[in-house]
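Working notes for the structure below.
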Amino acid sequence: MDLEVGDKVSLIIGTETHLGFTVLIDESFEGLLYRNEIFEELKENQRIAGYVKNIREDGKIDVSLQPQGFRNAIELDTEKVIEAIYDHDGFLALTDKSDPEDIKKELRMSKKAFKRAIGSLYKQKQIVIGEEGLTLVKE
1 MDLEVGDKVS
11 LIIGTETHLG
21 FTVLIDESFE
31 GLLYRNEIFE
41 ELKENQRIAG
51 YVKNIREDGK
61 IDVSLQPQGF
71 RNAIELDTEK
81 VIEAIYDHDG
91 FLALTDKSDP
101 EDIKKELRMS
111 KKAFKRAIGS
121 LYKQKQIVIG
131 EEGLTLVKE
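First residue of the sequence shown? That's 1 in UniProt numbering, and the numbers climb one at a time after it.
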């Protein structure tokens with residue numbers, strides 16, 4: 001097996017189980033995508049990019065739809081938030097107090113990831129966090 005944790009891989013979604021979805025990795029290996037890693041609707045036989053999260057001692061492979069590692073994940077999440085703010089004309093009606101389901105529906109990320117992303121954007125002075133939502137800082 002020439003896979004390593006963090007590798008970007010091609011996934012084909014398989015059957016749904018009580019844990020998540022079985023997946024075929026790079027058309028060669030079987031793996032598992034856990035429910036808590038899924039922030040979008042998936043269909044059987046759907047092709048999607050993923051990342052190797054863990055290779056267990058028994059040879060089974062866990063995958064994620066987000067890259068592994070704090071820096072990679074935050075960069076992707078901050079890009080998603082910025083794009084969403086642009087798409088909503090400079091204001092996004094979500095805050096750190098928003099319902100996790102609203103965040104998941106709008107941005108396809110967890111509330112934890114959202115809070116990390118907006119914290120990073122706020123520190124970089126790219127957004128203002130208001131009572132009603134996020135506003136892009138004009139340059």
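Note that beta-carbon positions come from the ideal geometry of N, C-alpha and C, so glycine has one too.
Fair warning: this is a prediction, and the values are worked out from it, not measured in the lab.
How far does the beta strand (DSSP E) with L24 in it reach, from first residue to last? For L24, the enclosing beta strand (DSSP E) starts and ends at 20-25.
Where S110 sits in the DSSP three-state scheme: Under the three-state reduction of DSSP, S110 is assigned to coil, being neither helix nor strand.
Simplified DSSP assignment, three categories, for S10: Residue state, collapsed to three classes: strand.
Just confirm the distance between the C-beta atoms of V52 and V128, as a whole number of angstroms; I'd bet it's less than 8 Å. Incorrect: roughly 38 Å between the Cβ atoms, too far for contact.
What residue range is occupied by the uninterrupted beta strand (DSSP E) comprising S64? Looking at the DSSP string, the run of the beta strand (DSSP E) that includes S64 is 61-64.
Inter-stretch contact at 8 Å, needing at least 3 Cβ pairs: the stretch 70-90 / the stretch 107-123: They touch, by the three-pair rule.
Pull up the DSSP beta-bridge partners for R47, would you. Among the bridge pairs identified by DSSP, R47 is matched with I12.
Taking the straight line between their C-alpha atoms, what separation do you get for R108 and F39? In this structure, the alpha-carbon of R108 lies about 5 Å from that of F39.
Between the Cα of D58 and the Cα atoms of E30, E75, Q46, which residue gives the shortest distance? In this structure, E30 is the residue among E30, E75, Q46 with its C-alpha nearest to the C-alpha of D58.
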